[in-house]
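Engineer: Quick one: the structure is below, questions incoming.
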Amino acid sequence: MSTFRERARTLLATPGLGSAIGHAMDVRAETRQHAFGDADFEALRQTARAIRAHTIASLPEYLERFADAAEASGARVFFASTAGEAVAHIGRIVREHGGRLVVKSKSMVTEEIELTAALERDGAEVVETDLGEHIVQIAQERPSHITVPAVHKTRAQVRELFERVYGARLSDDPAQITRFARDVLRDRFLNADVGITGVNFGVASTGSLVIVTNEGNGRMCTSLPPVHIAVMGMERLVPTFRELSVLLPLLTASATGQRITSYVNVVNGPRRTDEPDGPEELHIVVVDNGRSALLPTEYRPVLNCIRCGACQNVCPVFRHVGGHAYGSVYGGPIGAVLTPLMEGFTRAGDLPHASTLCAACSDACPVGIPLHDLLIGLRRDAAAERASRAERVGFALWGRVWGSAPGYRASVRLARAGQRLFARGGRLGRAPFPLSRWTAGRDLPALAKRPFRDTWRRAGGA
Amino acid sequence: MTCLVDLLSPEVAESTAALLADLNVRVDVPDAQTCCGQPAFNAGYPSVARRTARTLLEAFDRSTTVVAPSGSCAAMIRLHLPRLFEGTREADRARELASKTFELSEFLVDVLGVERIAGVFPSTVAYHDSCHGLRGLRLGDQGRRLLTGIEGLRLVEMERSDTCCGFGGTFSIRLPELATAMADDELARARAVGADVLVGGDTGCLMHLAGRAARTGGPRPMHLALLLAEARGLRASPAP
Amino acid sequence: MERSEFLRVVRERLRGGDSAGRGRPPDGPAALPEEYPPTPVSGPALGPLDESATGLIFERFAEALAGVGGQARLVGRGELPEAVAAVARGSDGAAVHDLGELGQLVEQGLARAGCSVLPPGDAEADLGITSAILGVAATGSVLVSSAQGHRATALLPPTHLVLLPADRLVPGFGELCTRLEELCRPGRRTPSSLVLVTGPSRTSDIEMTPVLGVHGPGQVIVLVISA
Chain A
439 MSTFRERART LLATPGLGSA IGHAMDVRAE TRQHAFGDAD FEALRQTARA
489 IRAHTIASLP EYLERFADAA EASGARVFFA STAGEAVAHI GRIVREHGGR
539 LVVKSKSMVT EEIELTAALE RDGAEVVETD LGEHIVQIAQ ERPSHITVPA
589 VHKTRAQVRE LFERVYGARL SDDPAQITRF ARDVLRDRFL NADVGITGVN
639 FGVASTGSLV IVTNEGNGRM CTSLPPVHIA VMGMERLVPT FRELSVLLPL
689 LTASATGQRI TSYVNVVNGP RRTDEPDGPE ELHIVVVDNG RSALLPTEYR
739 PVLNCIRCGA CQNVCPVFRH VGGHAYGSVY GGPIGAVLTP LMEGFTRAGD
789 LPHASTLCAA CSDACPVGIP LHDLLIGLRR DAAAERASRA ERVGFALWGR
839 VWGSAPGYRA SVRLARAGQR LFARGGRLGR APFPLSRWTA GRDLPALAKR
889 PFRDTWRRAG GA
Chain B
3 MTCLVDLLSP EVAESTAALL ADLNVRVDVP DAQTCCGQPA FNAGYPSVAR
53 RTARTLLEAF DRSTTVVAPS GSCAAMIRLH LPRLFEGTRE ADRARELASK
103 TFELSEFLVD VLGVERIAGV FPSTVAYHDS CHGLRGLRLG DQGRRLLTGI
153 EGLRLVEMER SDTCCGFGGT FSIRLPELAT AMADDELARA RAVGADVLVG
203 GDTGCLMHLA GRAARTGGPR PMHLALLLAE ARGLRASPAP
Chain C
1398 MERSEFLRVV RERLRGGDSA GRGRPPDGPA ALPEEYPPTP VSGPALGPLD
1448 ESATGLIFER FAEALAGVGG QARLVGRGEL PEAVAAVARG SDGAAVHDLG
1498 ELGQLVEQGL ARAGCSVLPP GDAEADLGIT SAILGVAATG SVLVSSAQGH
1548 RATALLPPTH LVLLPADRLV PGFGELCTRL EELCRPGRRT PSSLVLVTGP
1598 SRTSDIEMTP VLGVHGPGQV IVLVISA
C-alpha cells in the first residue's frame, strides 16, 4: 500500500502532468469567472449551504417523499445501506435483462461501490460513455479529476490509446478523435441491455431525477436501452425544483465554468404507456455506504457536497500531482476529507496531511463546506487513533517545554549547541532527520545569534 | 513576536518595534510568550497547542493591543484560540486576546490609519499574500498600500499571486518534494514579472522561499517589516 | 435493505446516536431561507409581455444560444416553410414529432428542400424536428418533452431543429423551475423525459479543447414563431 508521498513523488516526476493539470485549472478559473459574472457568489453560497444543511437535517422526510413520488411515476426504488447491497441488487437487475452489454454515464457513486468490476465479473461488458471516462477506462486507469477525468493525458496519448485498443488510424486532432469515439459508442448505446447513470439531484417533491451532461451520453443511457438504473448518493436531494434553481447553476458554474450544461435531463419514471420510446423499467438505487455515519459528527457538512470539483480546480497541491496521488475515488481537497472518513485512517490517514491548509478549497466551495477546518479535525482524529508513540511523545514534550518561557529558553540553548555541527554562515545546507527532508531541496536558516527577546531585554525593553 | 521570528529572524521583530515606535506607538514585548500553538494545532494536537498558547494569554493579559508580524499567528489567535479554550477557565481571556490582536499591515493601515510610509527602497517588488492573511484574516491590499509611498520601489503583480507557496508548516517536511515544487512555481512567477524582491508578511513562507531561492536563484524573499524599516533608515545595519 | 430500516438508521444518526467520539455537527439554521439571491441564469427582469417585450426576450434568447454555438431565428407563421427548407436543404431524411397545426407548414418546407419525411424515431435520420414546450431567454435553452414524440428524434440526428412559439419564452432559470415543479407534480400525466437543451453537445475532455457535436446533435437551430 503506497503512501501519498510516494505517489506524489512519482507524479511530480511524470513529464507533462503538472502542466496539463495546471492548464486545465487555469482554463477553469477563467471560465468560472465568466460564468458567475456579476452574480453575488457569497450570497449564493450562503443560500446553497443553508439549502443543503436543511435538506440533510430533514433527510428521512425528503427521502420518503422522493421514494413515494418516484414509485408513483412507475420507478422502483431500492435502498442500499452498503456498497455490497447496491452492487448485488444492480447485478441482479442486469442479469435479469440479458446481462451482456451495459452502457454507463459518469457517476462517482458507482465508482465508490466498484460497480463496473462487479458487473464485469458477472460477464457483462460495461462501457463508460463519457469521453473522458471512456478514455481512462480503456487505459485501465482511474480518473484523475472529478469533471475532466482524462486531464492527465495529452492528445497524442489519447490517439495512441485509441489506435492500440480499436485499431483506428487517427490524427491528434481532438475533434477527429471525438468523432471516432462517437461512432464506437453509438453502436454500444443502440445495443445495450441496460443503461446506468448517476443522479446529480433527486427532487423530493416530484420524485424526479436530474442528470446533467454536455455530451449527450446521459440522455443516451436514459433513453435507448430498455432498462435504466440510476444510482444516487442518499444525500443528493433537493426539496423542490425551486432549490434546484440555485444549486444547478452553482454546480455548472463551479464545475465546468458554464452558465448551464448542454443538457439538463429530468426523468420522471420509465416511459409511459402512451410514449413511443424510452426505457420500460427505471430502477433507482439510493446508496448510503458510510454517508449516514457522518450525520452525528462534526463532519456532517461534507455531505453538502454536490461533486462539482471546484475544490480540485483551485488546490495548489492538486495542481502539481492531480487526482491519482490520492489513491482513491475522490481526490483533491474533497478526497482528502471523504476518503479517510469512508475508508478509515489505516488506509488514508496521510491524506489529511496532503494539504498546506491554504483554504483555497473552502473559499471556492459553492455549498460552504469548511474543508480546511475539517482537515484539521481529521488530523486530530488520525493522531488520536494511530500516531506513532514517537510523534505523540515528541509533541507532548514540546508542549511541556514550550509551556513556559524558561523552558523555551532552555530548549533554544540546547538546539544552538546541536546545530553547531551543521550551520555554516548562518545557514544549514544539511540537517539531521526530520529536517533533512527540508535540506534536501532548500537551505535552512540557522538559529539567530541572539533571539529577539534577549536583544529586547538587553536594550531595556525600549 | 512569534517563535519563528524570535529564533530565526529577529530582525523582523526589531524592524516591527522600530516602525511602531517611529509612529509613536508604545511598544512592549512581554517575555512570557512562547508560541501561539499553531504547529501543534495543525498537526492534530489541540491540547498541546493549548499549553503553549496559554503563555500568550498570560503575556498579553494587560496589553491593550497585540500586533504580530505574522498573518498565520494572528489568524491562529483570532480564528482558533477562542474555540480552543472554549469550556476552560481561560475562555474569556482567549476571546479577549482574539479581539485585540492584529497582523502588522492591518494594524498600520486599519487601526493606525497610516496611508503611506515615506522611504527609499529602489527595487522591483512583488507581493506574496500569505494564505492565513488572505483567507484567514481576510487581509486586502494593506501590505501593498504601505509600499506605495516608497521612492524607487516598483510594485509588480505575479500571476496567481494568491496561490500558496508550499510552506504549510509541517507540510514542508512531510511532503518536501511537493513543497519544493510549489516554491519553484512561485519563484518562477515572481521572476517572470522581473521581481528582485518578494515581500510578504509571514516568516514561515519567506524562510521556505528563501531556502529554495538559495539553491536555485530567484528574487529575494523579505519581510514587509524589514523592507519598511530599511526604507525609512530605521535599521542600524542591513539584514544578513 | 428495507426502506423503513434504512430511514430508521438515518433518523437515529441525525438524533446524535453513535458519533464515535467525534465532535458534534455544527449548529445552524435548519430552515430554508425565504429569499433566494439571483443566479447567473436568473434572466432579465421583464415587464408585462407585450410585443416589444417579445422582441427583447427573443434577442436575449438568440444571443445566449449563439454564445453556445446554436442558432435562433424569429419567424412569422407564413415564413415557416421557407425557414424549414433552409435548414433541411442537404438533409436526406427528417424524423418529425407530431407538431399539430405547424405540422403542415413544416412538411411544405421539407418538400421544398427535397428532404423526405422518415418514420418518427428513425435512427438514420440526419435531421430531427421537434417542438419545445418552453424556451429560456437567459440561457438560450429549449425544453423538449417525451410527450410530444420519440426521445430519439431530438437526440440521434446530427441536426436538431426546434419550433418554439414565442409566447412560450420565459426570462430565466427560476421561471423554468417553477414550470418544472408544475409539470412534474405527482398525480399529473407527467412526461417521463423532459430535457432542457442548450445548443449543441460538447466536450473538453481532451486537453481542455472544446469540441462540438459528441453524442447529441452537433447543430441546434431554433425557430421562434411569432403569432
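Residue numbers (my numbering), protein chains in the order written: chain A, 439 to 900; chain B, 3 to 242; chain C, 1398 to 1624.
Each residue gets a CB set at the ideal place from its N, CA and C atoms; glycine is no exception.
If the cut is a Cβ gap below 7 Å, which residues of chain A does residue 1624 of chain C touch?
Structural biologist: Chain A residues near residue 1624 of chain C: none, gap ~28 Å exceeds 7 Å.
Engineer: Residue 1534 of chain C and residue 1461 of chain C: beta carbons closer than 8 Å?
Structural biologist: yes
Engineer: Could you spell out the range, first to last residue, of the beta strand (DSSP E) harbouring residue 522 of chain A?
Structural biologist: It is not in any beta strand (DSSP E) - residue 522 of chain A instead sits in the alpha helix (DSSP H) that spans 521-534.
Engineer: Per DSSP, what kind of secondary structure is residue 546 of chain A in: helix, strand or coil?
Structural biologist: helix
Engineer: For a quick check, are the C-beta atoms of residue 515 of chain A and residue 542 of chain A less than 8 Å apart?
Structural biologist: no
Engineer: Give the interface partners of residue 952 of chain A over in chain C, defined as CB-CB distance under 9 Å, in chain order.
Structural biologist: Absent from the model: residue 952 of chain A. The displayed extent of chain A is 439 to 900, so no value can be given.
Engineer: What number of angstroms, rounded off, separates the C-alpha of residue 678 of chain A from the C-alpha of residue 488 of chain A?
Structural biologist: 14 Å
Engineer: Just verifying my parser: in three-state terms, what is the DSSP assignment at residue 439 of chain A?
Structural biologist: coil
Engineer: Using a C-beta to C-beta distance shorter than 8 Å, which residues of chain A count as neighbours of residue 1410 of chain C?
Structural biologist: Correct list: 730, 731, 733, 734.
Engineer: Using CA atoms only, rank isn't needed, just tell me which of A:829, A:789, A:778, A:771 is closest to residue 809 of chain A.
Structural biologist: Relative to the Cα of residue 809 of chain A, the nearest Cα in the group A:829, A:789, A:778, A:771 belongs to A:771.
Engineer: Any Cβ of chain B within less than 8 Å of the Cβ of residue 774 of chain A?
Structural biologist: Residue 774 of chain A does not count as touching chain B.
Engineer: Strictly under 8 Å for the Cβ-Cβ distance: is residue 131 of chain B near chain A by that measure?
Structural biologist: no
Engineer: In this structure, what does DSSP give as the bridge partners for residue 1622 of chain C?
Structural biologist: C:1472, C:1562
Engineer: Is residue 879 of chain A close to chain B? Criterion is C-beta to C-beta, closer than 8 Å.
Structural biologist: yes
Engineer: Identify, in the order they occur along the chain, each residue of the same chain with its Cβ nearer than 8 Å to the Cβ of residue 113 of chain B, setting aside the five sequence neighbours on each side.
Structural biologist: 67, 104
Engineer: Any C-beta of chain A sitting closer than 8 Å to the C-beta of residue 1527 of chain C?
Structural biologist: No, residue 1527 of chain C lies away from the interface with chain A (no Cβ there is under 8 Å from its Cβ).
Engineer: Enumerate in chain order the residues of its own chain whose CB-to-CB distance from residue 153 of chain B is below 6 Å, with the five nearest sequence positions on each side excluded.
Structural biologist: 122
Engineer: Which whole-angstrom value is the C-beta distance of residue 581 of chain A and residue 665 of chain A, which I expect to be below 8 Å?
Structural biologist: The Cβ separation is near 25 Å, so there is no contact.
Engineer: Just to confirm, are residue 1523 of chain C and residue 1489 of chain C a CB contact at a threshold of 8 Å?
Structural biologist: yes
Engineer: Would you list, in chain order, the members of the segment 641-663 of chain A that have their beta-carbon closer than 7 Å to a beta-carbon of chain B?
Structural biologist: none
Engineer: With burial defined as no fewer than 16 other Cβ atoms inside 10 Å of the residue's Cβ, what is the status of residue 63 of chain B: buried or exposed?
Structural biologist: exposed
Engineer: Taking 8 Å as the CB-CB cut-off, is residue 195 of chain B touching chain A?
Structural biologist: no
Engineer: Taking the straight line between their C-alpha atoms, what separation do you get for residue 177 of chain B and residue 451 of chain A?
Structural biologist: 14 Å
Engineer: Given that a residue counts as buried once 16 or more other Cβ atoms are within 10 Å of its Cβ, and exposed if not, what is residue 544 of chain A?
Structural biologist: buried
Engineer: Could you check whether residue 599 of chain A and residue 576 of chain A sit closer than 8 Å to each other, using their CB atoms as the reference points?
Structural biologist: yes
Engineer: Quick check on residue 620 of chain A - is its C-beta less than 8 Å from some C-beta in chain C?
Structural biologist: yes
Engineer: Rounded to a whole number of angstroms, what is the C-alpha to C-alpha distance between residue 798 of chain A and residue 636 of chain A?
Structural biologist: Using only the alpha carbons, I get a separation of about 28 Å.
Engineer: Output, in sequence order along the chain, the residues in the segment 491-518 of chain A whose CB is closer than 7 Å to any CB in chain C.
Structural biologist: 491, 492, 495, 497, 498, 501, 502, 505, 507, 510, 511, 517, 518
Engineer: Check whether the segment 769-786 of chain A and the segment 456-475 of chain A are in contact - that is, three or more C-beta pairs closer than 8 Å.
Structural biologist: The segment 769-786 of chain A, when compared against the segment 456-475 of chain A, does not touch it at the 8 Å Cβ threshold.
Engineer: Between the Cα of residue 495 of chain A and the Cα atoms of A:845, A:750, A:734, which residue gives the shortest distance?
Structural biologist: With respect to the C-alpha of residue 495 of chain A, the residue from A:845, A:750, A:734 having the closest C-alpha is A:734.
Engineer: With distance defined between alpha-carbon atoms, name the residue in B:26, B:79, B:219 nearest to residue 4 of chain B.
Structural biologist: It is B:79.
Engineer: May I ask you to report which of helix, strand or coil DSSP gives residue 592 of chain A?
Structural biologist: coil
Engineer: Helix, strand or coil for residue 698 of chain A, going by three-state DSSP, please let me know.
Structural biologist: coil
Engineer: Between which two residues does the beta strand (DSSP E) containing residue 1528 of chain C stretch?
Structural biologist: 1524-1528
Engineer: To the nearest angstrom, how far is the alpha carbon of residue 1539 of chain C from that of residue 1431 of chain C?
Structural biologist: 29 Å
Engineer: Counting only beta-carbon separations shorter than 8 Å, does residue 482 of chain A have a partner in chain C?
Structural biologist: yes
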